[in-house]
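S.K.: Just so you know, we're using this note's numbering here: the first sequence kicks off at 1 and counts up by one.
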Amino acid sequence: MSDVRVRFAPSPTGYFHIGGARTALFNWLYAKHTGGTFVLRIEDSDTERNKKESLESLLANLRWMGLDWDEGPEVEGPYGPYFQSERNGIYQKYLKRLQDLGRVYTKEGAIWLKVSGETQTIDDVIHGPVRRLEEKDFVIYRSNGTPVFHFVNVVDDIDMKITHVIRGEDHLSNTSKHMELYKAFDAPAPKFAHIPLILKTDGPGKMSKRDRGSLVEEYRDKFFLPAGLINYLSLLGWSPKNDRELMSIDEIIAAFDLSGVNKTHARFDEKKLNYINSEHLRHLSKEAFYENGCKVLKQTGHENYLSQDALLRSIFEIVQEKLRSFEELPNFIAYFFNSQYDFDYKTLQKIQKYDPKQRLMELKSMLQGMVHFDTESIETNIQQLSKAHNLNTGAYIHTLRFAISGRGVGPSLYHMLVVMGKEEVLRRIQYCLDKNLF
RNA sequence: GUCCUGUUCGUCUAGUCGGUUAGGACACCGGGUUUUCAUCCCGACAACAGGAGUUCGAAUCUCCUACGGGACGCCA
Numbered sequence: 001m002s003d004v005r006v007r008f009a010p011s012p013t014g015y016f017h018i019g020g021a022r023t024a025l026f027n028w029l030y031a032k033h034t035g036g037t038f039v040l041r042i043e044d045s046d047t048e049r050n051k052k053e054s055l056e057s058l059l060a061n062l063r064w065m066g067l068d069w070d071e072g073p074e075v076e077g078p079y080g081p082y083f084q085s086e087r088n089g090i091y092q093k094y095l096k097r098l099q100d101l102g103r104v105y106t107k108e109g110a111i112w113l114k115v116s117g118e119t120q121t122i123d124d125v126i127h128g129p130v131r132r133l134e135e136k137d138f139v140i141y142r143s144n145g146t147p148v149f150h151f152v153n154v155v156d157d158i159d160m161k162i163t164h165v166i167r168g169e170d171h172l173s174n175t176s177k178h179m180e181l182y183k184a185f186d187a188p189a190p191k192f193a194h195i196p197l198i199l200k201t202d203g204p205g206k207m208s209k210r211d212r213g214s215l216v217e218e219y220r221d222k223f224f225l226p227a228g229l230i231n232y233l234s235l236l237g238w239s240p241k242n243d244r245e246l247m248s249i250d251e252i253i254a255a256f257d258l259s260g261v262n263k264t265h266a267r268f269d270e271k272k273l274n275y276i277n278s279e280h281l282r283h284l285s286k287e288a289f290y291e292n293g294c295k296v297l298k299q300t301g302h303e304n305y306l307s308q309d310a311l312l313r314s315i316f317e318i319v320q321e322k323l324r325s326f327e328e329l330p331n332f333i334a335y336f337f338n339s340q341y342d343f344d345y346k347t348l349q350k351i352q353k354y355d356p357k358q359r360l361m362e363l364k365s366m367l368q369g370m371v372h373f374d375t376e377s378i379e380t381n382i383q384q385l386s387k388a389h390n391l392n393t394g395a396y397i398h399t400l401r402f403a404i405s406g407r408g409v410g411p412s413l414y415h416m417l418v419v420m421g422k423e424e425v426l427r428r429i430q431y432c433l434d435k436n437l438f
């Protein structure tokens, strides 16, 4: 363990935003990289906006991403409580110190901090020294008796012995207020790292709740792999500087450092996110793919597929390299489990030129005569068949795929046939023929 | 308006001390392999915001301009 202590301090006021997730991630990565402590602190001092469901969704999303915290709600720790709404005693103590120092005064019922008049120098790891003068006194306690963000934020960071404040660059201008407070308390300021913001894919401004792809739950709902999301997010404003992009979480942790964080804002790119997620999916171990796949099927109401475990496992095996996202999984494999599968009209049009009825008759008798039903034998037989009829193998392959799955795309045909088994394949050919589609 | 901050391909980025055919990735386009889609492979397109200065030499240093982003609440 090192003495690095970082924190993520969200306000549970709504959905978990991708920008917040990225900030949490960078804090978490830095803690993991340095062997430090990652603190989760809930900034719910504005009690009216705070909602219980928002908090629960926030914690669930953080956990889904795998960003576990060392101290905070539900795990506790030596510097609790970790909800600002429960820390009033602490704030009162700190307020008293400022009062004793004569640094505050009351106006219209609110308590104001007298500003020092000195230019503050912020020690920012990413931007270097930043100088800014805080010209006006500011409120630290509202007239309703509750403390404001700038005050509680600094008090908590002092009290929780936070060593590095990693947060969005939108806070950089606020930091001069925070420096006033640190100095008033005669407390050493932490290292600051103001990370670049995530901007809209197009158009002006930063990503907002309304933008497509801005909410973490969207990715959970679409069965993204947390490792894929994390990989993409880590590349927004940071790079390992060696042209590597596809990385496991452990590799990112090993490579991550504040010195590698950029100054420039980054635009969100859904296509690249999808690409990185699909790469992670493809590189999943068989076991991990199976576990994830089962979870997806359960959550989409296809638990009946799970009863045929051996079949499911062999399907997963031939499907993994073709699948781009788990969201597509149920639809991608449905025909294996549904004997009354539908036929895709467009594909039907495409294969009409092969004289599909005739081809199916030939395939049927060929398959019926097979003793060893394995991929190699099937391939050889289909090649022989096409040669005998002076046709491209595609004529048989496309027709057969359509007949047994109703679709034009899917896993390797030969493997598909073996997975289904000879009897089932013959039954499906008959089912297709009986439909009189051609 | 004031203050802070930034500016390399369409996008994410590499390019620590000035000398590179300015590299990689996504996207897009073209070609190839594969039974189809996907994968995979190959290729093409594509950038140092502009200007001045320092220098033999600047994407790299300095200044100015332009443009972008952020903050200016008894929100966080």
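Backbone N, C-alpha and C define an ideal beta-carbon position, used for all residues, glycine too.
1) Please say whether K161 and I7 have beta carbons closer to each other than 7 angstroms?
2) Does Y105 pass the burial test, meaning 16 or more other C-beta atoms within 10 Å, or should it be called exposed?
3) Would you mind sorting K177 into buried or exposed? The rule is 16 or more other CB atoms within 10 Å of its CB.
4) Rounded to whole angstroms, what's the CA-CA distance from L59 to A227? Just pull it up for me.
5) Quick check on the DSSP output: the alpha helix (DSSP H) that includes D159 runs from which residue to which?
6) Return the CA-CA distance between D211 and Y232, expressed in angstroms with no decimal places.
7) Just mark S339 as buried or exposed, buried being the case when its beta carbon has 16 or more other beta carbons within 10 Å.
8) Going by the DSSP bridge assignment, what does F8 pair with across the sheet?
9) If I'm right that I122 touches R132 with Cβ under 8 angstroms, what's the distance once you round it to whole angstroms?
10) Under the rule that 16 or more other beta-carbon atoms within 10 Å means buried, what is S285, buried or exposed?
11) Where are the beta strand (DSSP E) runs, 3 residues long or more, that stay fully inside the region 96-177, in chain order?
12) Which ranges does the alpha helix (DSSP H) cover as unbroken runs of at least 4 residues, wholly within the region 319-360, from first to last along the chain?
13) Over the uninterrupted alpha helix (DSSP H) stretch that includes K263, give me the two end residues.
14) Let me make sure I understand the geometry here. Which of D159, D186, F326, P10 has the alpha-carbon closest to that of A288?
15) Out of F16, Y15, H17, L40, state which residue places its alpha-carbon closest to the alpha-carbon of N27.
16) Just reading off the alpha helix (DSSP H) that H415 is part of, what are its end residues?
17) In the DSSP assignment, find the alpha helix (DSSP H) that holds A31 and state where it starts and stops.
18) Do the CB positions of I42 and F83 come within less than 7 angstroms of each other?
19) Is it true that the CB of P10 sits closer than 7 angstroms to the CB of Y91?
20) Please state whether DSSP places W69 in a helix, a strand or coil.
21) Looking only at C-alpha atoms, which of L273, H33, S208 sits nearest to F16?
22) For D235, which residues from the same chain have a beta carbon less than 7 angstroms from its beta carbon, with the 5 sequence-adjacent residues on both sides left out?
23) Hey, how far is the Cα of N390 from the Cα of W238?
24) Measuring only the C-alpha atoms, how far is A31 from F256?
25) Going by other Cβ atoms of all chains shown within 10 Å of its Cβ, with 16 needed for buried, is A189 buried or exposed?
26) Per DSSP, what kind of secondary structure is H194 in: helix, strand or coil?
27) Let me make sure I understand the geometry here. Which of L98, H150, E169 has the alpha-carbon closest to that of D124?
28) Buried or exposed for N242, please, with buried defined as at least 16 other CB atoms from any protein chain shown within 10 angstroms of its CB.
29) Please work out which residues of its chain come closer than 8 angstroms, Cβ to Cβ, to S45, disregarding the five sequence neighbours upstream and downstream, and give them in chain order.
30) Just mark Q120 as buried or exposed, buried being the case when its beta carbon has 16 or more other beta carbons within 10 Å.
31) Quick check: the Cα distance between D157 and N262, rounded to an integer number of angstroms?
32) When you compare each of Y414, K357, Q383, I382 to L437 by their alpha carbons, which one comes out closest?
33) My guess is that D137 and L113 are in contact by the Cβ rule of under 8 angstroms, so how many angstroms apart are they, rounded?
34) Between which two residues does the alpha helix (DSSP H) harbouring S307 extend?
35) Please classify R22: is it buried, with 16 or more other beta-carbons within 10 angstroms of its beta-carbon, or exposed?
36) Assuming A24 contacts L62 (C-beta within less than 8 angstroms), just tell me the rounded distance between them.
M.R.: In this structure, then:
1) The amino acid at residue 7 is misidentified as Ile; the sequence shows Arg. Not in contact: R7 and K161 (Cβ atoms no closer than 7 angstroms).
2) Exposed, since its Cβ has fewer than 16 Cβ neighbours within 10 Å.
3) Under this definition K177 is a buried residue.
4) Computed Cα separation, rounded: 18 angstroms.
5) 149-159 is the span of the alpha helix (DSSP H), which, as asked, contains D159.
6) Using only the alpha carbons, I get a separation of about 17 angstroms.
7) Under this definition S339 is an exposed residue.
8) Paired residue(s): L40.
9) Yes, I122 and R132 are in contact; Cβ-Cβ is about 7 angstroms, under 8 angstroms.
10) S285 counts as exposed, since fewer than 16 other beta carbons sit within 10 angstroms of its beta carbon.
11) For the region 96-177, whole beta strand (DSSP E) runs of length 3 or above, ordered along the chain, are 104-107, 110-113, 119-124, 128-133, 138-141, 164-168.
12) Qualifying alpha helix (DSSP H) stretches, in chain order: 329-337, 345-351.
13) According to the DSSP assignment, K263 belongs to no alpha helix (DSSP H), since it is labelled neither H nor E.
14) Across the set D159, D186, F326, P10, the C-alpha of F326 shows the shortest separation from the C-alpha of A288.
15) The candidate whose alpha carbon is nearest that of N27 is L40.
16) Taken as a continuous stretch (DSSP letters only), the alpha helix (DSSP H) holding H415 covers 413-420.
17) Note, A31: alpha helix (DSSP H), 18-34.
18) In contact: I42 and F83 (Cβ atoms closer than 7 angstroms).
19) Contact flag unset, no.
20) In this structure, W69 counts as coil in the three-state DSSP scheme.
21) Checked all of L273, H33, S208; the closest Cα to F16 is S208.
22) Here residue 235 turns out to be Leu, not Asp, going by the sequence shown. Within the same chain, L235 has close Cβ partners E245.
23) N390 and W238: Cα-Cα distance of roughly 58 angstroms.
24) Whole-angstrom Cα-Cα distance: 10 angstroms.
25) A189 comes out buried.
26) Here H194 sits in strand by DSSP.
27) Per the C-alpha coordinates, the member of L98, H150, E169 positioned closest to D124 is E169.
28) Burial call: exposed.
29) Around S45: Q84, S85, T146, P147, V148, F149, V152.
30) Q120 is buried by the Cβ-count criterion.
31) Cα to Cα, the separation comes out at about 24 angstroms.
32) K357 is the residue among Y414, K357, Q383, I382 whose C-alpha sits nearest the C-alpha of L437.
33) The distance from the Cβ of D137 to that of L113 is about 6 angstroms, consistent with a contact at the 8 angstroms cut-off.
34) Counting along the chain, S307 falls outside any alpha helix (DSSP H), and DSSP gives it neither H nor E.
35) So R22 ends up on the buried side.
36) That pair is a contact at about 6 angstroms.
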